[in-house]
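Here the structure comes first, spelled out in structure tokens, and everything after it is commentary.
This is the structure:
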């Protein structure tokens, strides 16, 4: 085989050339256009340069066959003896495999020798690409034959497309992901135009088609079947009916009675039908159910059982969760890893490396198929309860461990588990007699709702949980003080008062001293943001005393100390405020706590700025902002940016100060009422705006502020946390790529 050229040029349309003889081979002509997959095509070309066996694996309907054939068609002129396709999906008997390959290659030998020997002789001195398509039900026989042929024929390259690797030495496996949204949309539009004359994706239906392609997860088969439904439905109607995708995405011709091969699967909807070939698709690909069912039929009973049980998960999940939720007498925990590994090998599961370790996921189409099988068993309710219990336990552990050096790890873990946490919340709130579990779970996640930028979603779950009556006071009281906490931050005074008053009343009635302390604390926090500073100081001191009496020490307790420091600082008591925050820093250092530490640094920065030490204020605020950004704590981040704008103004950069105010203005709507509507919290913002307008003029100030409004949180943080040693005067001027002019000696303004 001659060395392949770099992938880029391989895939460009060649200029018109004089007609040349067709390369040897038996690749069928493509009947319709090929869309997207540029990266995958290039990867396959590179893989075939360095490896003699490349397997293209993925779920049924993901486009393996089409991509393998298209790649072979592109590369066939690189092989002196061409590219040859062996279609194996309809071959049921392993002992006929050699004959099928020989027939595809046109090898005729009447000598009575074994067919494999004839194949070896035929390929021994040939430079040839062999494409094996649909081998997964013959994987052992196919692996044995492929290995022998590769050893016998040094010029042979094999591209195998199936649902699992062959497992041979030297094999290069290329898992095929779904199409990206842009390519999926182009494919859908092309196939739709073939059935509806003049179909195009215009501005009016672009959003519908994009959502349709995303809901179908970029699975080419699903997209083509959906496009076929446009003969009778609009794109919006297809999207609306996708909840039952297996019924909707079927072929349109009358069907014969289903044919089955091998042992029947457990009772469930038909997995595979022997349909007549339609539109160039093999029978196993004429409906979405058939495509997924073909994989299902190739699974062992244990693999089918695990597939069904895994359907209770949403998004990603890890091995610990699988072992807890899915193990049982029919599927012992000691065997579960082996079964799970087989599902990965068969492309039913996808293994992913993440920041929180190795995790697994199913495409929604695969999950929905497994859910259909689970629904046909009496085991569904038990599995869903076990799923809920696992994530209830996980949230409990994360809350306890939040007050430690593992905060960033916990934040990332809950972020990764959020789809499953939502399922657990829904399960609890919809199950009679289990409302208290939903209230407990929604309250236990306070650190995530407040500390990781999920205030709106937290409020949603807390409000839903509190609308329901439960018979467990402790769970309801926890949900109440957390709901009050969230409402305070969002600037919802009425909602906060209602929740906290109910919590206080319930705590007194039941003697729950812990809930009473938290309700008192959050009422003090409400007084702080409502500018009633003397009352805030009194309530927060009382709450801290109660925490001490009951032995409570965690991030909430430290935050109460920081909030008391804020109340003192706003009243001019900077010395006491600094002392309180220094105490918080010491405890945070001892426990590895970072989230509350950032707020303590904010108060210390406010004190430093008030005393005229802008350099110290900047250092504290930059570290504060870095921590807040790690947790995606929008409140902490936007408070830091507001104060940084004033510090920046004091450094002489009025333009950058206005930019930062614009960036903060974009973030506040995601938190709640800007600066809580508080005069004291608003003081740095108002002072900065007044001085920046005076120095820049109204027109230039508004221009710079609008520049900041175009920055999202990540961009704003990157702009602030610049490399060490970069001076403010070296920042790009607003709206340009050039450095801003140095501050003038007289006024300190930057050039406009």
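In my numbering, the protein residues as written are 193 to 944. Where is the CB? At the ideal position from N, CA and C, for every residue including glycine.
Check your understanding: chain D beta carbons: is any one of them nearer than 9 Å to that of residue 347?
Key -> Although the question refers to chain D, the structure presented lacks it and comprises just one protein chain.
**Study point:** Nearest-angstrom Cα separation, counted from residue 697 out to residue 656
**Key:** 21 Å
Exercise for review: Compute the beta-carbon to beta-carbon distance between residue 715 and residue 692, rounded to the nearest angstrom, for a pair I have assumed lies under 8 Å.
Suggested key: 5 Å
Review point. Nearest to residue 366 by CA position, among 355, 812 and 759, is which residue?
Key: 355
Exercise for review: Identify, in the order they occur along the chain, each residue of the same chain with its Cβ nearer than 7 Å to the Cβ of residue 360, setting aside the five sequence neighbours on each side.
Suggested key: 245, 335, 338 and 339
Point to revise | Cβ pair count under 8 Å reaching 3, the segment 700-709 against the segment 722-732 | key: no
Review point. If you draw a straight line from the C-alpha of residue 350 to the C-alpha of residue 387, how long is it?
Key: 36 Å
Review point. Got a sec, what are the start and stop residues for the alpha helix (DSSP H) residue 564 sits in?
Key: 556-567
Check your understanding: Does DSSP classify residue 552 as helix, strand or coil?
Key -> strand
Exercise for review: Give the straight-line distance between the Cα atoms of residue 562 and residue 409, rounded to the nearest whole angstrom.
Suggested key: 17 Å
**Study point:** Simplified DSSP assignment, three categories, for residue 363
**Key:** strand
Practice item. Pick helix, strand or coil for residue 492, following the three-state DSSP scheme. Key: coil
Exercise for review: Please check the pair residue 773 and residue 757, which I expect to be a contact at CB under 8 Å, by giving their CB distance rounded to whole angstroms.
Suggested key: 5 Å
Exercise for review: Leaving out five residues on either side along the sequence, give the residues of the same chain with a beta carbon under 8 Å from the beta carbon of residue 546.
Suggested key: 508 and 608
Exercise for review: Taking residue 503 and residue 566 to be in contact with their CB atoms under 8 Å, please state how far apart those CB atoms are, rounded to whole angstroms.
Suggested key: 5 Å
Exercise for review: Kindly identify the DSSP beta-bridge partner or partners of residue 276.
Suggested key: 322
Check your understanding: Given that a residue counts as buried once 16 or more other Cβ atoms are within 10 Å of its Cβ, and exposed if not, what is residue 599?
Key -> buried
**Study point:** Beta-carbon separation (whole angstroms), residue 321 vs residue 271, contact threshold 8 Å
**Key:** 5 Å
Practice item. Provide the residue span of the alpha helix (DSSP H) that contains residue 353, from first to last. Key: Looking at the DSSP string, residue 353 is not in any alpha helix (DSSP H); the run it does join, the beta strand (DSSP E), is 348-354.
Point to revise | Spatial distance of residue 689 from residue 766 (CA atoms) | key: 29 Å
Practice item. Mark residue 803 as exposed unless 16 or more other C-beta atoms lie within 10 angstroms of its C-beta, in which case mark it buried. Key: exposed
**Study point:** Those runs of the alpha helix (DSSP H) which lie wholly inside the segment 733-801 and span at least 4 residues
**Key:** 747-762 and 766-783
**Study point:** residue 509, DSSP secondary structure in three states
**Key:** strand
Review point. Given residue 860, which residues of its chain have a CB within under 8 Å of its CB, disregarding the five upstream and five downstream residues?
Key: 830, 866 and 867
Point to revise | Rounded straight-line distance, which links the Cα of residue 863 to that of residue 682 | key: 6 Å
Point to revise | Unbroken alpha helix (DSSP H) run spanning residue 885, endpoints | key: 871-888
Check your understanding: Beta-carbon separation of residue 841 and residue 912 under 9 Å?
Key -> no
Review point. For residue 784, which residues from the same chain have a beta carbon less than 8 Å from its beta carbon, with the 5 sequence-adjacent residues on both sides left out?
Key: 596, 597, 598 and 599
Exercise for review: Say whether the segment 515-529 touches the segment 634-645, bearing in mind that this needs 3 or more beta-carbon pairs closer than 8 Å, one atom from each stretch.
Suggested key: no
**Study point:** Three-state secondary structure assigned by DSSP to residue 247
**Key:** strand
Review point. If you follow the beta strand (DSSP E) that residue 392 is part of, which residue opens it and which one closes it?
Key: Taken as a continuous stretch (DSSP letters only), residue 392 belongs to no beta strand (DSSP E), as it is neither H nor E.
Point to revise | Neighbourhood of residue 793 by C-beta, 7 Å cutoff - its chain only, sequence neighbours within 5 removed | key: 812, 815 and 816
Review point. In three-state terms, what does DSSP make of residue 803?
Key: coil
Practice item. Would you kindly check if the distance between the Cβ of residue 801 and the Cβ of residue 770 is under 9 Å? Key: no
**Study point:** Touching by the beta-carbon criterion (3+ pairs, under 8 Å), the segment 366-386 and the segment 404-424
**Key:** yes
**Study point:** Rounded straight-line distance, which links the Cα of residue 677 to that of residue 844
**Key:** 38 Å
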